[in-house]
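Position one of the sequence shown corresponds to residue 3 (the numbering used here), numbered consecutively onward. A virtual CB, placed ideally from N, CA and C, is assigned to each residue, including glycine.
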Amino acid sequence: MASPDAPLLRALRGDRPERQPVWFMRQAGRSLPEYRELRVGTRMLDACLTPDLAAEVTLQPIRRHGVDAAIFFSDIVVPLRLAGVAVEIEPGRGPVFAEPVRTADDVARVTSIDPAEVAAAAEPIREAVRLVTAELDDAVPLIGFAGAPFTLAAYLVEGGPSKEHLRARGMMHADPESWHRLAGWLAEVSRAFLAAQIDGGAQAVQLFDSWAGSLSRAAFLEYVAPHSRTALEGIDVPRIHFGVGTGPFLADMRLGGIADAVGVDWRMPLDEAAAIVGPDTTLQGNIDPALLGAPWPVLAAHVDDVLSRGRAARAHVLNLGHGVPPDTDPTVLTRIVARAHGETE
Ligand code: CP3
C-alpha cells in the first residue's frame, strides 16, 4: 500500500511533488510481450475474474517501466458480467452484448437487477486488488477504475462497439425516462465496482467516459453529468474523470468539483486546458499516442512541451491523451518515464 505522500496522490491533491508522476492508460496489455504470453488460452473476461492472473498483469508494467501508479487490470464491462448480464470481449473488437438494451422493456428488465449483486459477486476483484497492493511499495498507489454511465451505455444499447453511439444518444431524446433509468442504474453498478476496488486497497479512482466526446455540451449536462456524479459520490479517495474529445465542455468534466483531476486528450494543450478548468483541478495527460512511433528526438520534444505547458495547471499527472496502442514499442514508454523523472536525456 502506498503512502499518502506518493507523488501521484500528492499531485491529485494539488501539490507539485519533486518527482513528476507518470503512468499510462492501458499500460497493462498487448504492448507487453509478457502480457501476451500470459493471456494465451484465456478469454479476456475470464482473465479479469482470475485474481492471481489479474494481479500479475497489473504488476507487469510497474516492474518494467517504473511508473508512479498501477491501474487495476480489468474492464469497464466486468461489473455488468458480475451483475449477470451476458457480455463477452471479442479480441480486436471490444465488448459485445448478447441482448442489446434498446426498448423501455429492455431497460426495465436490466435495471431490475439489484446493483448489490455486483458487490456480492465482486470477491475475485477484491482478492486481485489485495494481491496487487500487497506487492506495491510506498511510492506506487493502485488506481481503481470504472466506466462512466454514458460510455457503458454506448456499448449496452448498441450491443457492441459503434462509431457515433447513435442508439445510446438517441434514447436520451426519444425516451428520456428510460435513458435516466438506465444511466442511473449503470452509475450504481460502476460505483459498486469502484467500492470493491477501494475495499481491496485502491487509493485513487478513474472514471472512464471515453466516448463522451460524441455528446453535445447540452446533452452532456442534461443526460450524462448527473449520473457520472452519482458514480463518484461517496467515494473517499481522489477521483480522476477522463474523456476523449471533451474540449467543448472541459470545465463541466469537473462535475461541479467532485473530480480532483480531469483527463485531457491530445487535442488541446494543457495551458489552455488549465485556463478552462481553473485553479482547483489537477490535469492529467496529454501526450499524443500518434507520436509514440516518431523518432525519439521528436517524441522527447513533445513530452517536454506537455510537461512545460502542464506547469500552468495547479498540478499535473503525465499520461497519454488516450490508451497505449497495442503495437507500441514498450521501450519507448520506459524512456518517457525516465525523462519525466529527470533520469535521462
Ligand atoms: O492498463 C490498463 O489501462 C488497465 C486495464 C483496462 C482495460 N480496459 C483492459 C483491456 C482498462 C482501464 C479498460 C477500460 C476500458 N475498456 C475502456 C475505457 C478506456 C479506454 O480505452 O477508453 C473501454 C472503452 C473499454 C472497452 C474495451 N475493452 C475495448 C474497446 C477493448 C479493446 C478491444 C480490442 O481487443 O482491441 C477492450 C478489451 C480490453 N480491455 C483489452 C485490455 C487489455 C484487450 C484485450 C486483449 O488483450 O485481448
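Worksheet item: To which residues of the same chain is ARG311 closer than 6 Å at the C-beta, ignoring the five residues directly before and after it?
Response: PRO271, LEU272, ASP273
- Task: Run through the segment 222 to 275 for me and flag every whole alpha helix (DSSP H) of 4 or more residues, listed as ranges in chain order.
- Result: 227 to 234
For the beta strand (DSSP E) that PRO332 lies in, which residues bound it at each end?
No beta strand (DSSP E) holds PRO332; the alpha helix (DSSP H) holding it covers 332 to 342.
Closer than 7 Å by C-beta to LEU223: which residues in its own chain qualify, once you throw out the five before and the five after it? Chain order, please. ASP254
* To do: Ignore the nearest five residues each way along the sequence and tell me which others in PRO250's own chain have a CB closer than 6 Å to its CB.
  => ARG219
Continuous alpha helix (DSSP H) stretch holding VAL300: start and end: 298 to 312
Open item on the list: With three or more C-beta pairs closer than 8 Å as the rule, is the segment 68 to 85 touching the segment 100 to 108?
Closed with: With fewer than three CB-CB distances shorter than 8 Å, the segment 100 to 108 does not count as touching the segment 68 to 85.
**Study point:** Burial state of VAL134, where buried means 16 or more other Cβ atoms lie within 10 Å
**Key:** buried
Q.
Please list the terminal residues of the continuous alpha helix (DSSP H) segment that includes ALA198.
A. 178 to 202
message = To test your reading of the DSSP string, which unbroken beta strand (DSSP E) runs of 3 or more residues are found completely within the segment 94 to 181?
response = 96 to 99, 144 to 149
Would the beta-carbon of THR336 be found less than 7 Å away from any heavy atom of the ligand CP3? At a cut-off of 7 Å, the beta-carbon of THR336 does not count as near the ligand CP3: no heavy atom of the ligand is closer than that.
Could you check if PHE147 belongs to the surroundings of the ligand CP3, using beta carbon to heavy atom distance under 7 Å? yes
For LEU51 and chain C, any beta-carbon pair shorter than 8 Å?
You won't find chain C in this structure, because it holds only one protein chain.
Worksheet entry | Distance CB(VAL120)-CB(ALA194) smaller than 8 Å | yes
Original post:
Do SER212 and GLY245 have their C-beta atoms closer together than 8 Å?
Top reply: yes
- Task: Label SER230 either buried or exposed according to how many other C-beta atoms from any shown protein chain fall within 10 Å of its C-beta, with 16 as the threshold for buried.
- Result: buried
Practice prompt. Would you mind stating whether MET27 and VAL326 have Cβ atoms separated by less than 8 Å?
Written response: yes
Just to check, is the beta-carbon of ARG41 closer than 7 Å to a non-hydrogen atom of the ligand CP3?
yes
Margin query: Taking the alpha-carbon of ALA57 as reference, which of LEU217, GLY202, HIS175, ASN321 has the nearest alpha-carbon?
Written below: GLY202
(request) Going by CA-CA distance only, name the one from LEU309, GLY344, GLY295 that's closest to THR330. (result) GLY295
Alpha carbon to alpha carbon, how far is VAL264 from VAL109? Give it in angstroms, no decimals.
30 Å
- Which residues in the same chain as PRO53 place their Cβ atom closer than 7 Å to its Cβ, once the five residues preceding and following it in sequence are excluded? Excluding the 5 residues flanking it on each side, PRO53 has same chain C-beta neighbours closer than 7 Å at PRO126, GLU129, ALA130, LEU133, in chain order.
Three-state secondary structure (DSSP) of ILE78 = coil
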